[in-house]
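Okay, structure first, notes after.
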Amino acid sequence: MNDHKILITYATMSGSTQEIAEFIADELHEMGLDVDIRSCRSVNDLTGYRAVVLGAPLYMFHLHKDALHFLSRNQKRLCAMPVAVFAGGPFGVDAENEMPEVRKNLETELARYPWLNPISVQLVGGRFDPARLRFPYNLLPALKQTPASDVRDWEEIRGWARSLPGLFDFSLPQADAERNLG
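Every number in my numbering is 48 more than the matching position in the sequence shown, counting from 1.
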């Protein structure tokens with residue numbers, strides 16, 4: 049087993065965050081790293097992983113509930129390994145102007161987990177497609193009339209993904225890390 053296996057886990061509502069997670073997984077795999085990619089809901093055990101990349105969209109000022117549940121149920125293990133976080137953020141014509149406010153919302157959400165000390169936090173632009181809205185959002189006329197947009201910057205995401213291996217500290221042997229969990 050590779051002692052440097054990385055879990056990339058994500059929560060998504062319309063597939064955009066999953067696409068970003070898959071892109072990051074491909075980048076890390078191209079760099080020779082052993083990567084698993086799974087939805088937050090499907091992760092029951094972090095044994096065997098040395099680092100986690102967590103991705104989630106921000107909706108109505110909050111991170112997706114699946115990501116929040118993942119953090120809560122894996123607190124003990126996540127405290128003992130490097131964690132990087134990316135979040136899908138604003139979309140549409142005013143996305144750049146909304147970025148500071150959305151970043152503030154992301155910081156507020158992460159502050160709910162004072163034990164979490166991410167090695168890196170990246171806010172990426174979002175994608176919006178009114179045809180992919182789910183209940184109850186598909187009932188809101190304003191959202192249904194919003195034009196589709198995609199402001200994800202793939203080169204920025206690539207650069208962030210490629211910076212992660214340098215931020216992961218794999219110097220502590222896996223057995224020592226697991227012993228430190230008590």
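A virtual CB, placed ideally from N, CA and C, is assigned to each residue, including glycine.
Exercise. Kindly indicate the opening and closing residues of the alpha helix (DSSP H) around Asp74.
Key: First-last of the alpha helix (DSSP H) with Asp74: 64-78.
Quiz item: Since Phe235 contacts Thr194 with CB under 8 Å, what's their CB separation in whole angstroms?
Solution: Given a span of 49 to 230 for the chain in the structure shown, any question on residue 235 remains unanswerable.
Quiz prompt | Endpoints, alpha helix (DSSP H) assigned at Pro213 | solution = For Pro213, the uninterrupted alpha helix (DSSP H) run begins and ends at 202-215, by DSSP.
Quiz prompt | Between the CA atoms of Asn186 and Gly214 - distance to the nearest angstrom | solution = For Gly214 and Asn186, the distance between alpha carbons rounds to 42 Å.
Quiz item: What's the call for Gly230, buried or exposed, on a 16-neighbour Cβ count within 10 Å?
Solution: Below a pLDDT of 50, predicted positions are generally treated as unreliable, and Gly230, at 42, falls in that range; no measurement from the model is reported.
Practice problem: Please go through the same chain and pick out, in chain order, the residues whose beta-carbon is closer than 8 Å to the beta-carbon of Arg206, but skip the five residues on each side of it. | Solution: Result list for Arg206: Phe71, Glu75, in chain order.
Exercise. Using only the heavy atoms of the ligand NAD, determine whether one of them is closer than 7 Å to the beta carbon of Gly63.
Key: The ligand NAD is absent from the structure shown, which contains no ligand whatsoever.
Practice problem: Within the same chain, show all residues whose beta-carbon is closer than 6 Å to that of His77, passing over the 5 residues directly before and after it, in chain order. | Solution: Only Val83 meet the Cβ criterion.
Quiz item: Whose CA, out of Glu144, Gln66, Val172, Glu67, lies closest to the CA of Phe134?
Solution: Checked all of Glu144, Gln66, Val172, Glu67; the closest Cα to Phe134 is Val172.
Exercise. Please confirm whether Ala101 and Ala128 have their CB atoms less than 8 Å apart.
Key: This sequence places Val at residue 101; Ala is not what is there. No, these two residues do not count as a Cβ contact at 8 Å.
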